[in-house]
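Presented below is the structure to which this report refers.
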Amino acid sequence: MPPTLQGLDFFLNRSGWTDAQLEEVVRLLYGKRLQQLSIAQRLLDSAQEADFELKGFQMVAQEEQCRRPRKVRVAAIQNKIVLSTSAPVQAQREALHHRVGKMIDAAARAGAQIVCLQEAWTMPFAFCTRERLPWTEFGESAEDGPTTKFLSELARRPFVEHSSRHFPHGRGDWKNAQKSHPAGRRLQRGACPVAAGRAKL
């Protein structure tokens, strides 16, 4: 991956600042610097081979008085399109499934207990286009659509539970969050309408 595409942190860590200066810049950008988790080299190598970045950070919550602390490892996946937007809809979706499948597998191997995917990850960003087709063809059933089946199959693997968002067919667009049990069963689906491009969460 070219250096220009490796993100802001890549350049911050190579800026030549002192540790104190870098600490202050990170504080201004992010609020505080998180402790980075150690990830097995084989996982880092497989991520590099599959062309995605794998990093882990620790966020510490305030200790409660009446409950014992719990450690929960959550994987947040930020995806990118694989094929050209001129490719057939089904081919684009399958290519995204293939790529995200590798990322979910890496997250599970890194110990993630929950895997979260971005909204509308099974399609390119098409909400600012004038055309209705082919973009509406990316919509699918949250009950038994191809993405739900794909993620349910992955959820049967050890350690994986997924939370995904879908747009069901109906009056207007809705944002939907869906959760699947590790046994592959759909646990929950919540919906909220999208008005003028904003979700009422």
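Numbering (our numbering), first residue to last: -9 to 191.
From the three backbone atoms N, C-alpha and C, an ideal C-beta is built for every residue, glycine too.
Remember, predicted model here, so these are calculated numbers, not experimental data.
Between which residues of its own chain and residue i is the CB-CB distance below 6 Å, once the five residues before and five after are set aside?
i: A85; result: V72 and L73
State the start and end residues of the unbroken beta strand (DSSP E) segment that holds residue i.
i: A65; result: V64 to I67
i: I29; result: Element bounds for I29: n/a, residue is neither H nor E.
Using 10 angstroms around the beta-carbon of residue i, count the other beta-carbons present and answer buried if the total reaches 16, otherwise exposed.
i: Q82; result: buried
i: R89; result: buried
i: V64; result: exposed
i: V105; result: buried
i: F140; result: buried
i: T138; result: buried
i: A30; result: exposed
i: A98; result: buried
i: A51; result: exposed
Counting only the same chain and skipping the five closest in sequence on each side, list residues whose C-beta sits under 7 Å from that of residue i.
i: V79; result: P124, E127 and F128
i: L24; result: F47, Q48 and M49
i: F42; result: M93
i: T75; result: P114
i: A96; result: L33, S36, A37 and L44
i: P59; result: E53
i: P136; result: R83 and E130
Report back the beta-carbon spacing between residue i and residue j to the nearest angstrom; my notes put them in contact at under 8 Å.
i: Q108; j: I67; result: 7 Å
Spatial neighbours of residue i within its chain, please: C-beta separation below 8 Å, excluding the five flanking residues on both sides.
i: N69; result: L86, R89, V90, M93, L107, Q108 and W111
i: H159; result: Low confidence applies to H159: its pLDDT is 47, below 50, so where it sits in the model is not reliable, and the reading given next is rough at best. The residues are G129 and S131.
i: A10; result: none
Grouping DSSP H, G and I as helix and E and B as strand, with all else coil, what is residue i?
i: I94; result: helix
i: V72; result: coil
i: L107; result: strand
i: Q82; result: helix
i: Q38; result: helix
i: Q48; result: strand
i: R17; result: helix
i: W164; result: Caution applies to W164, whose pLDDT of 46 falls short of 50 and renders its modelled position unreliable; the model cannot decide the point.
i: R99; result: helix
i: A77; result: coil
i: A10; result: helix
i: L33; result: helix
i: R60; result: coil
State the start and end residues of the unbroken alpha helix (DSSP H) segment that holds residue i.
i: L24; result: Taken as a continuous stretch (DSSP letters only), L24 belongs to no alpha helix (DSSP H), as it is neither H nor E.
i: F128; result: First-last for F128: undefined, no H or E at that position.
i: K139; result: P136 to A145
i: F1; result: L(-2) to L2
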